[in-house]
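Under mature numbering (1 follows the signal peptide of the UniProt record, and there is no 0), the residues of the sequence shown are numbered -27 to -1, 1 to 316, in order.
A virtual CB, placed ideally from N, CA and C, is assigned to each residue, including glycine.
Below you'll find the structure, written out as structure tokens, and then a few comments.
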Amino acid sequence: MKIKSAASPSVIFTAALITLIIPGGVGQTWGVWYRPTSICAVEGTSAVMSCNYTYPPGLRVKEAFWTEHVQAPWDGKTDYTDLSQHPNYKDRVHADCGDKTSWCFLNITRLNKSDAHEYNCRIITHKEGEKWVGRPGIMLSVTDLKVEIVGAATEGNDVRLVCKTSCNLSSSPTYSWKKNGEPLEKEPTKNNELLLHPVSREDGGRYSCAVKGHEDLSSAEVDLDVRYLPKNTRVLGAPPAEIPEGGSVTLSCSSDANPPVQNYTWFKENVTSPVAAGQNFTITNFTSAQVGLYSCQARNEVGVQNSTAVLLTFTAHKPASPTSPTWILYAVITVAAAVGLSC
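Structure, rendered in structure tokens:
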């Protein structure tokens, strides 16, 4: 720490104690100790700091207060402002220097990023020119909170959500998490991390973090978009229960996927190549050649899934006729292998 004086004395550093040498006189000591020497606090919270000081005998402290570090080189004429009188700290500072003999205490509330400075104890004695400020003082850093996603957010992978700060918080706090604005109580956490091991599509949502006890000062929300391959892929039958020969059948493929399905492909049992592409598959002029099991495949950037096959088949129908009976073939869709026969 360094002490500055209008008399411009020489200064030598001895640990936390400052020794003042006055040419031609007896060595006199000034000492200033700060606790802590640095603070990292979350924006909106408070910072508490203190200093202890000693001074040469024969002097009496008239004023003791906290001040900001002045960036310009000290010229011996600088007038330091008492923080309790500073407009930027109005109603946010509580300072107490007791009986002005050995210590000063400072509490700054509702911190904002403009409060990030070095803070010093200023001591003014009754003797003209004996004005001192202890440097270096306490360095205050003010940070906000930010959620960072670590790991590829694909279902089955391990993902960590990290509550990041721009400096190491002095209080070694614990953290709380919210998903879609609701507190998360049972999710595993480690230090400033929320662990999703493995991540699933149900984990998708908007996440924010806060220091416990200051949940009203949470980070901005970050959207966790979990990618997953197609799920619940199935064939939907659009036609009525029975379609006469020569009619048409339309099948539709449905699937849940993120990102959305890029393409759908249709397959028929025992046929090597796909029979169609697209979400909908229409067979016109239905004949016995189209009888068989059909399935669809949904594909996105993550993977593929095939549906359960559905059966397209014929059922013989014999209409009532007094003369020459005729069998008319109808096409029906069944999910199982059951076939309805009517005469």
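In this structure, the beta-carbon distance from Ile96 to Ala37 falls below 8 Å. The three-state reading of DSSP puts Tyr62 in helix, counting H, G and I together.
Going by DSSP, Asn231 is part of the beta strand (DSSP E) stretching over 222 to 231. Annotation for Arg65: Ile81, Thr82, Arg83 place their beta carbon closer than 7 Å to its own, counting only its chain and skipping 5 residues before and after.
Taking the CA atoms as reference points, Leu168 sits about 14 Å from Ser181. Taking the CA atoms as reference points, Ser114 sits about 54 Å from Ser227. Counting the other CB atoms within 10 Å of its CB gives Val199 a total of 16 or more, which places it among the buried residues.
DSSP lists no beta-bridge partner residue for Ser19.
Taking a 10 Å sphere around the C-beta of Asn273, we find 16 or more other C-beta atoms and assign the residue as buried.
Relative to Thr127, the option among Asn253, His42, Pro203, Lys63 whose CA is nearest is Pro203. Looking only at Arg174, Gln270, Thr286, Lys63, the smallest Cα-Cα distance to Pro232 is reached by Arg174. Residues of the same chain with a CB within less than 7 Å of the CB of Val275, apart from the 5 flanking positions on each side, are Thr127, Arg200, Tyr201, Leu202 in chain order.
For the pair Trp105 and Tyr148, the Cα-to-Cα distance works out to about 41 Å. Per the DSSP secondary-structure output, Gln270 pairs in a beta bridge with Thr238, Asn279. For Arg133 and Val277, the gap between their C-alpha atoms comes out near 26 Å.
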